[in-house]
Structure formats: structure tokens, C-alpha cells
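K.L.:
Numbering (our numbering), first residue to last: 82 to 366. Built from N, CA and C at the ideal position, the CB exists for glycine as well. Being a predicted model, the structure only gives us computed values, none of them experimental. First the structure, which I've put down as C-alpha cells, then a few questions once you've had a look.
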């Protein structure tokens, strides 16, 4: 995996090659040295989003597919980092476990509302506790959103357990309608839940949950503690994760083109999920 000289020292050329791989475009050249941590995997921790990053975007949430060989690549990366790899997603931890079958990665689900560390078995709540009354309000809001989705062709309701979402990728002209429906759902759910917008989706999630906070929380535990976080994602929801990774001396890496007029906190970019998958495969060779 690493190119070393006769004294066992990682070569500068290897470090430069790691930085200049064609899959990765530096958005902040002044921070290119952050990539040099990749020359020694024992110093890195990976935080990887699912949809639009590891996985290609599908027409609906239920249609996503795991590319052949990706599971094996991630297992190899997990082993190279002594378990310092976490899947950080808007999906639930249960969905993440089901997707990767019998291999359990550390994971943060529902944008950080759920946290589970694979090696230690530590499970944490990243948000405040909710009461039975809170849950009743949430159930009312969820029923409203689900029933409303049936009224509009192309709008897809996704139940995530402790969160839910309305997708309008197949009905982009209905964006204002979907946003208004979710504002109403938010009002029904009360103050323990908050709206989270993403690419052609609006979600209602536990208040206070975000991926940046989840990254910082996970980084307090072994085997992540003391390492440099490499955080990859494709959406607005990943920006807090980029900020956290950059501030800790790591790398916030955006996957997919940056829309015109939109800024990002990432310091590097991979143009597509396919190119990002190719890049992480190259790291394990």
C-alpha cells in the first residue's frame, strides 16, 4: 500500500501521489498537506456518507444498490485503519447494518441522532431524550406526511423510524409544495424535531442532530481518538462534517459537482460517486 525507501520511511513521492490522484480535485490548495496523513493509514479515520457518496443516487430510497466489490473495499479499509471507519448517513443505523449484511461498521444514523461504535459496542444518543408526549406528536406528524405524499404523483414518503422524509426527485416542480407540507409536519411534531433539507428531499429529524457533531462525538472514542478525520459526503447535510474534519487537521471531501453559486466547506472534491469509489479502492492497494 505504501512506498518506502530502504530505511522504511514513506517516500515524499508517495505522499505527493496520494495528494495528486486524478480522482481528487483540491479546492483549497493551501491545505493540501492535510492529505499527507493518508500516507500512513494508522493516523486516519474515515467518515463516509452513503447515498450520493458511496452509493449512486437512485430514483427512490428503496432502489439503492451496493456496487459489486464495494463492501469488500470498505472492509479492507476498516481493517487498515484498525476499525476507524464510520458510515455517517441520513439513513438509520439499522438500514446501514442491513445494507452491509454480516459485517458491522461503526455508524452514525439519522444525521447523527443514532451513534453505534462497532469495536467497543458503545451506543450513544446524540440528541436529548424525548417523552411519550413528544413521540405522540411525532407520530401525528409522520401520519400527516405519509398521507400527504399519496396525494402528489412523484412524491415519495420514507419512514426512517425516528425520522421521516419526503422525496421529490421525480417531481421537482413540487418542491414548494413538499417544503410547505414538511413545515406543517414540523409544527405538528413540536420543538424536539427539526427540518433538514437535502438534494430533492426534506426530512424531519431529532432536534440537535447533525453529522459534524456526530463526527466529533465518535472521535472521542477508540479507535478514532487522536487520528485525522477524512469526511466524505455529497450534500448540504454533510457540510458540518466537513467543517469538523478540517478543524481537526483532516479533510472534508465533497463528492459530486458543486452547483453553480453554492459554496462548500470541503477542501477537496471527487466529481462522482464512481470516482470516489475508485479512489478509496486505490487507498487499499
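1. In terms of DSSP beta bridges, what is residue 310 paired with?
2. Quick check: what's the CA-CA separation for residue 148 versus residue 129?
3. Excluding the five sequence neighbours on either side, which residues of its own chain have a C-beta within less than 6 Å of the C-beta of residue 235, listed in chain order?
4. Helix, strand or coil: which one does DSSP assign to residue 90?
5. Are the Cβ atoms of residue 168 and residue 188 separated by less than 8 Å?
6. Below 6 Å CB to CB, which residues in the same chain sit around residue 104 once its five sequence neighbours on both sides are set aside?
7. Under 8 Å between the Cβ atoms of residue 170 and residue 131?
8. Under 8 Å by Cβ, that's how I've got residue 283 and residue 247 pegged, so tell me the actual separation to the nearest angstrom.
9. May I have a chain-ordered list of the beta strand (DSSP E) segments no shorter than 3 residues that lie completely inside the region 104–164?
10. Near residue 89, what residues of its chain come up, given a Cβ to Cβ distance below 8 Å and the 5 sequence neighbours on each side ignored?
11. Among 119, 133 and 290, which residue has its Cα nearest to the Cα of residue 353?
12. Quick test of the definition: if touching needs 3 or more C-beta pairs under 8 Å, does the region 312–319 touch the region 264–284?
13. Roughly how many angstroms separate the alpha carbons of residue 118 and residue 259, rounded to a whole number?
14. Helix, strand or coil: how does DSSP classify residue 297 here?
15. Closest by CA to residue 176, which one among 165, 145, 150 and 161?
16. Please name the residue in 195, 125, 231 and 113 whose C-alpha comes closest to that of residue 174.
17. In whole angstroms, give me the CA-to-CA distance for residue 106 and residue 327.
18. State the DSSP-derived secondary structure class of residue 258, mapped to helix, strand or coil.
19. Ignore the nearest five residues each way along the sequence and tell me which others in residue 365's own chain have a CB closer than 8 Å to its CB.
20. Report yes if the C-beta distance between residue 331 and residue 115 is below 8 Å; otherwise report no.
21. Taking the continuous alpha helix (DSSP H) assigned at residue 187, which residues delimit it?
P.N.:
From the atom records:
1. Bridge partners of residue 310: 126.
2. 15 Å
3. 251 and 252
4. Reliability fails at residue 90, whose pLDDT of 38 lies under 50, so the model's placement of it is uncertain and the value that follows must be treated cautiously. The answer is coil: DSSP assigns residue 90 none of H, G, I, E or B.
5. With contacts defined by Cβ atoms closer than 8 Å, residue 168 and residue 188 form a contacting pair.
6. 351, 356, 359 and 360
7. yes
8. 6 Å
9. 105–107 and 125–129
10. For residue 89, the pLDDT reaches just 39, beneath the cut-off of 50, and the residue's location in the model is therefore unreliable, leaving the point undetermined.
11. Cα-wise, what sits closest to residue 353 is 133.
12. yes
13. 43 Å
14. helix
15. 145
16. 195
17. C-alpha separation (whole angstroms): 16 Å.
18. Three-state DSSP puts residue 258 in a helix.
19. 82, 154, 157, 158 and 161
20. Yes, the Cβ-Cβ distance between residue 331 and residue 115 is below 8 Å.
21. Careful: residue 187 lies outside any alpha helix (DSSP H), inside the beta strand (DSSP E) at 187–190.
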